[in-house]
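*Asks:*
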Amino acid sequence: MGRFHRHPDGTEHDHDHDHDHEHRHDVGDHRGYEETGTARVAVLESILAENDRVAAANRADLEGHAVRAVNVMSSPGAGKTALLKRTLGALGTELRLGVVEGDIATSLDADELAGLGAAISLVNTSAGFGGECHLDAVMVRAGLGRLSLADLDLVLIENVGNLVCPAEFAVGEHARAMVYAVTEGEEKPLKYPVMFRAADVVVVNKVDLLPHLDVDLDRFLANLRAVNPGARVIEASARTGHGVDEWCDWLRAVAAG
Amino acid sequence: MHELSLCQAICESVARYADGREVRRVDVRVGYLRQVVPESLHMAWELLTEHTNLGGAELVIEHVPAVVLCSACGAETTLDWPVLMCGACERTEVGLRSGEELDIVSIDVAAPDQAERVR
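From first to last, the protein sequence lines stand for chains A and B.
The opening position of the first sequence corresponds to residue 15 in this note's numbering, with each subsequent residue numbered one higher.
The opening position of the second sequence corresponds to residue 36 in this note's numbering, with each subsequent residue numbered one higher.
1. Three-state secondary structure (DSSP) at residue 75/B?
2. Please classify residue 70/A as buried or exposed, where buried requires at least 16 neighbouring CB atoms within 10 angstroms.
3. Since residue 70/A meets chain B, which of its residues come closer than 7 Å, beta carbon to beta carbon?
4. Given a cut-off of 9 Å on the beta-carbon distance, is the pair residue 65/A and residue 183/A in contact?
5. Please name the residue, chosen from 160/A, 253/A, 241/A, 245/A, that lies closest to residue 118/B on a Cα-to-Cα basis.
6. What does residue 63/B reach in chain A if we use C-beta pairs closer than 8 Å?
7. Do you know offhand how far residue 102/A's Cα is from residue 134/B's?
8. Suppose contacts are defined by Cβ-Cβ distances below 9 Å. Is residue 159/A in contact with residue 73/A by that definition?
9. Helix, strand or coil: how does DSSP classify residue 84/B here?
10. Is residue 141/B helix, strand or coil when you go by DSSP?
11. Which partner residues does residue 192/A have in the DSSP bridge list?
12. Give the residues from the segment 83-94 of chain B that approach chain A closer than 8 Å (Cβ to any Cβ), ordered along the chain.
13. What are the residues in the segment 126-142 of chain B lying within 7 Å of chain A by C-beta distance?
14. Under 7 Å between beta-carbons, which chain B residues line up against residue 65/A? List them in chain order, please.
15. Could you give the residue range of the beta strand (DSSP E) that holds residue 98/B?
16. Under 9 Å between beta-carbons, which chain B residues line up against residue 188/A? List them in chain order, please.
17. Tell me which residues of the segment 240-258 of chain A have at least one Cβ-Cβ distance to chain B shorter than 8 Å, keeping chain order.
18. At 8 Å on the CB atoms, spell out the chain B contacts of residue 52/A, in chain order.
19. Identify the continuous beta strand (DSSP E) that holds residue 156/B and give its terminal residues.
20. In terms of residue numbering, what span does the beta strand (DSSP E) encompassing residue 53/A cover?
21. Please report whether the beta-carbon of residue 120/B lies at a distance below 9 Å from any beta-carbon of chain A.
22. Would you verify that the beta carbon of residue 90/A is, or is not, closer than 9 Å to some beta carbon of chain B?
23. With three or more beta-carbon pairs closer than 8 Å as the criterion, would you say the segment 76-95 of chain B touches the segment 198-218 of chain A?
24. Step through the CB atoms of chain B and report whether any lies within less than 9 Å of the CB of residue 194/A.
25. With distances taken between CB atoms, is the gap from residue 252/A to residue 124/A smaller than 9 Å?
26. Within the segment 99-126 of chain A, note down every full beta strand (DSSP E) run reaching 3 residues or more, in order along the chain.
27. On a CA-only basis, which of 129/A, 157/A, 225/A, 226/A is nearest residue 75/A? Give me that one, please.
28. Locate the beta strand (DSSP E) running through residue 130/B, then write down its first and last residues.
29. From residue 221/A to residue 195/A, what does the alpha carbon distance come to, in whole angstroms?
30. Can you find the residues in the same chain that come closer than 7 Å, C-beta to C-beta, to residue 173/A, ignoring five residues on each side of it along the sequence?
31. Residue 117/B versus chain A: which residues are under 7 Å apart at the beta carbon?
32. Residue 52/B versus chain A: which residues are under 7 Å apart at the beta carbon?
33. Could you please give the first and the last residue of the uninterrupted beta strand (DSSP E) stretch that includes residue 62/B?
34. When burial is assigned at 16 or more other CB atoms within 10 Å of the CB, is residue 58/A buried or exposed?
35. Figure out for me which residue from 198/A, 175/A, 192/A has the closest Cα to the Cα of residue 120/A.
36. Could you confirm whether any beta carbon from chain B is found closer than 9 Å to the beta carbon of residue 148/A?
Given below as structure tokens:
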């Protein structure tokens with residue numbers, strides 16, 4: 015690519031341009047053009063460095079109040095909100111819970127969780143390009159700012175429903191949970207490995223539907239193991255309450271630090 | 036969407052490092068396991084930089100393959116799908132050598148003395 019420069023008469027061009035336009039070449043100072051040009055500046059920084067700095071600040075704020083946070087991710091409709099509703103009911107009496115609720119535009123999920131004893135902070139992500147598809151550290155920072163951390167033990171961050179973007183953005187969480195619904199099919203871990211690799215625990219939700227489905231749970235588990243051998247698996251149904259105790263035990267362990 | 040968010044982060048970092056200088060080229064390194072679609076990243080770059088100080092700067096993407104080292108047999112395998120498995124002994128006790136990169140490597144800016152001349 016040619017080197018762009020501008021002449022004082024207003025014409026601009028790259029230096030390997032065709033001369034199909036009219037401008038004088040004796041204006042402007044071309045001295046030293048060949049030996050100067052471009053300087054390379056080493057950056058060597060993660061694309062997500064700024065996000066990660068804010069995530070670290072979030073984490074420091076949480077830890078300053080001995081609060082732990084879990085980033086809960088899933089595709090849309092996998093059952094995050096239903097599981098959280100169960101969770102607030104089951105853990106609300108023993109842990110002081112906060113929820114950062116990420117949603118593109120509505121307060122429907124936050125409304126669903128209201129009145130169950132937890133402090134709810136809604137983060138609408140629609141300020142981005144037609145609605146950000148994930149929560150990033152800056153958005154979560156705003157959400158945490160509306161919670162009184164001194165009065166909490168555990169913050170559940172309900173991410174935006176999406177299997178790709180949320181996995182890339184750390185928000186300051188201590189653990190990552192993924193809710194997968196058996197209706198999503200067995201191949202999802204292979205199709206969305208970034209998300210499945212990021213999870214510390216995978217809640218396999220809607221297992222009450224298994225008798226009605228052709229889905230092969232063992233094949234899903236083998237695919238999950240292939241991309242993330244270390245993830246804990248909890249089979250659950252937010253509808254029936256099956257597995258919610260095990261999930262709450264896992265949360266208790268996270269909250270205990 | 037993912038690429039748009041990442042690109043936004045790239046633009047912010049680049050603007051910080053450029054510190055007002057004209058940027059001509061940005062080199063980024065993206066690992067295979069990041070699931071970044073290069074065409075989408077280029078498109079996001081065009082979209083986000085057009086009519087800004089970064090307009091016209093070239094985004095160059097270096098792709099880094101996912102390579103695992105088997106802790107059982109010591110073989111190195113370049114993955115062609117995201118399953119972490121040794122290609123020699125098919126065990127899954129492997130360590131990731133590369134493939135998770137998501138870095139801005141460098142930016143090319145107009146050399147200061149030239150910038151003086153051009154303006």
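All C-beta atoms in this analysis are idealised placements derived from N, C-alpha and C, irrespective of residue type, glycine included.
Predicted model, so just to flag it, every value in this text is computed and none were measured.
*Replies:* The relevant details are as follows:
1. Stepping through the second sequence from its first residue, residue 75/B is reached at position 40. In this structure, residue 75/B counts as helix in the three-state DSSP scheme.
2. Mapped onto the first sequence, residue 70/A falls at position 56. The residue is exposed, with fewer than 16 neighbouring Cβ atoms inside 10 Å.
3. To locate residue 70/A, count along the first sequence from 1; it is residue 56. By Cβ distance, chain B contributes nothing, its closest Cβ being about 16 Å from residue 70/A, past 7 Å.
4. Within the first sequence, residue 65/A is the residue found at index 51, counting from 1. Within the first sequence, residue 183/A is the residue found at index 169, counting from 1. Yes.
5. Within the second sequence, the letter at position 83 stands for residue 118/B. Comparing Cα positions, the closest option is 241/A.
6. Translated into the one-based positions of the second sequence, residue 63/B becomes position 28. Per Cβ cutoff of 8 Å: 61.
7. Counting from one through the first sequence, the residue named residue 102/A turns up at place 88. Counting from one through the second sequence, the residue named residue 134/B turns up at place 99. Cα-Cα distance, rounded: 38 Å.
8. Translated into the one-based positions of the first sequence, residue 159/A becomes position 145. Translated into the one-based positions of the first sequence, residue 73/A becomes position 59. No, these two residues do not count as a Cβ contact at 9 Å.
9. Translated into positions along the second sequence, residue 84/B becomes position 49. If DSSP states are grouped into helix, strand and coil, residue 84/B belongs with the helices.
10. Residue 141/B sits at position 106 when you count from the first residue of the second sequence. If DSSP states are grouped into helix, strand and coil, residue 141/B belongs with the strands.
11. Walking along the first sequence from the start, residue 192/A turns up at place 178. Per DSSP, 87/A, 216/A.
12. 91, 93
13. 127, 137, 138, 139, 140, 141, 142
14. The count along the first sequence starts at 1 and reaches residue 65/A at position 51. Simply 44.
15. Walking along the second sequence from the start, residue 98/B turns up at place 63. Unbroken beta strand (DSSP E) run through residue 98/B: 93-99.
16. Here residue 188/A corresponds to residue number 174 of the first sequence, with the count starting at 1. Going along chain B, no residue has its Cβ under 9 Å from residue 188/A, so there is no contact; the nearest lies around 21 Å.
17. 240, 241, 243
18. Numbered from its first residue, the first sequence carries residue 52/A at position 38. Neighbours of residue 52/A on chain B, chain order: 59, 60, 143, 144, 145, 146.
19. Because chain B in this structure spans residues 36 to 154, residue 156/B falls outside the shown range and cannot be described.
20. The residue given as residue 53/A occupies position 39 in the first sequence. Counting along the chain, the beta strand (DSSP E) containing residue 53/A begins and ends at 52-60.
21. The residue given as residue 120/B occupies position 85 in the second sequence. With 9 Å as the cut-off, residue 120/B counts as an interface residue toward chain A.
22. Position 76 of the first sequence, counted from the first residue, corresponds to residue 90/A. Judged by the 9 Å Cβ criterion, residue 90/A is not in contact with chain B.
23. no
24. Start at 1 with the first residue of the first sequence, and residue 194/A comes out as number 180. No, residue 194/A lies away from the interface with chain B (no Cβ there is under 9 Å from its Cβ).
25. Walking along the first sequence from the start, residue 252/A turns up at place 238. Walking along the first sequence from the start, residue 124/A turns up at place 110. Contact: no.
26. 111-117
27. Locating residue 75/A in the first sequence gives position 61, counting from the first residue. Per the Cα distances, 157/A.
28. Taking the second sequence and counting its residues from 1, one reaches residue 130/B at position 95. Counting along the chain, the beta strand (DSSP E) containing residue 130/B begins and ends at 129-133.
29. Translated into positions along the first sequence, residue 221/A becomes position 207. Translated into positions along the first sequence, residue 195/A becomes position 181. The alpha-carbon atoms of residue 221/A and residue 195/A are separated by roughly 8 Å.
30. Reading the first sequence from its first residue, position 159 is the one you call residue 173/A. Hits under 7 Å: 85, 86, 87, 116, 148, 149, 180.
31. One-based indexing of the second sequence puts residue 117/B at position 82. Within chain A, the residues near residue 117/B are 204, 207, 241.
32. Within the second sequence, residue 52/B is the residue found at index 17, counting from 1. Neighbours of residue 52/B on chain A, chain order: 55, 57.
33. Numbered from 1 along the second sequence, position 27 holds the residue referred to as residue 62/B. First-last of the beta strand (DSSP E) with residue 62/B: 58-66.
34. For the purposes of this step, residue 58/A is identified with residue 44 of the first sequence, where counting begins at 1. Answer is exposed; the Cβ neighbour count stays below 16.
35. Counting from 1 along the first sequence, the entry for residue 120/A is found at position 106. For residue 120/A, the nearest C-alpha among the options comes from 175/A.
36. On the first sequence, position 134 is the one that residue 148/A refers to. Closer than 9 Å to some Cβ of chain B, the Cβ of residue 148/A qualifies, so yes.
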